[in-house]
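Participant: Numbering (our numbering), first residue to last: 10 to 266.
From the three backbone atoms N, C-alpha and C, an ideal C-beta is built for every residue, glycine too.
Since we're looking at a predicted model, the values are computed, not measured.
#1: From 145, 186 and 177, pick the residue whose C-alpha is nearest to that of residue 165; which is it?
#2: Roughly how many whole angstroms lie between the Cα atoms of residue 57 and residue 180?
#3: Does the Cβ of residue 33 have 16 or more other Cβ atoms within 10 Å, making it buried, or fewer, making it exposed?
#4: So residue 55 and residue 24 are in contact, right, with Cβ under 8 Å, and what is the actual spacing, rounded?
#5: Output the distance between the C-alpha atoms of residue 163 and residue 146, rounded to the nearest integer angstrom.
#6: In or out: residue 168 buried (at least 16 other Cβ within 10 Å) or exposed?
#7: Buried or exposed for residue 92, going by 16 or more other Cβ atoms inside 10 Å?
#8: Is the Cβ-Cβ distance between residue 70 and residue 118 less than 7 Å?
#9: Closer than 7 Å by C-beta to residue 40: which residues in its own chain qualify, once you throw out the five before and the five after it? Chain order, please.
#10: Using 10 angstroms around the beta-carbon of residue 246, count the other beta-carbons present and answer buried if the total reaches 16, otherwise exposed.
#11: Residue range of the beta strand (DSSP E) that residue 138 falls in?
#12: Of all the options 259, 126 and 53, which has the alpha carbon lying nearest to the alpha carbon of residue 184?
#13: Please classify residue 31: does DSSP put it in a helix, a strand, or coil?
#14: How many angstroms separate the CA atom of residue 28 from the CA atom of residue 103?
#15: Please look up how many angstroms separate the CB atoms of residue 175 and residue 206, rounded, as I've assumed it's under 8 Å.
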């Protein structure tokens, strides 16, 4: 039985974690399914924006209990291979050319909070809780730490990762883990509206290049980052999307994206 659903409408692919009885907890099979679903959306020319959601009361409660028991039986090489699968999932979501929006309608814990952290944009209901609880079970928040430091800065990341405490959606928004808290009755409409605005009002190439700029900015010394930005700026000016957009602007028309 599949652990997720995949649906496309109006150039938006919605990937929904579908293990409500397990609070959408992650295991090896679900991680592989997620990787396949994101790759499918990335390669589909009819998809411009991706929404990641969860079915049931939780967005994603971290690792499945049966999965954790299985990991205890693995040797080092098996655990390394398994860890790399989750690493690749998070890296791929973070690096996709298409915008990923997390629609968080319940708790996002441990690896689930990691998924919220790597999405480009994240919105949550007020009732959702967030936390990196790994240290409380003798585990380490190894992979999510890499992305959390980028989002919140070192000080807040230390607090969240070392204490393992759960925080409210409002606190998650205040420290930059998510973008905004949206009432439960409104969140699906809010995310759907944003996805459509991105589809209809922005250039796919511009979204791709802007994501690349943001993703690589912290990895380069300032002169190198600026040179890279100048090069991408020049390349973008030659792209058909730019010529189309500027032409429409000069003619006081609205470009059709």
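Facilitator: For this structure:
#1: 186
#2: Roughly 30 Å between the two C-alpha positions.
#3: buried
#4: With a Cβ gap of about 15 Å, residue 55 and residue 24 do not count as contacting.
#5: 23 Å
#6: With fewer than 16 Cβ atoms within 10 Å of its Cβ, residue 168 is classed as exposed.
#7: Per the 10 Å Cβ criterion, exposed.
#8: yes
#9: 94, 95 and 98
#10: It is exposed - the Cβ of residue 246 has fewer than 16 other Cβ atoms within 10 Å.
#11: Residue 138 -> beta strand (DSSP E) spans 138-140.
#12: 126
#13: Residue state, collapsed to three classes: helix.
#14: 23 Å
#15: That belief does not hold up - the Cβ atoms of residue 175 and residue 206 are roughly 32 Å apart, past 8 Å.
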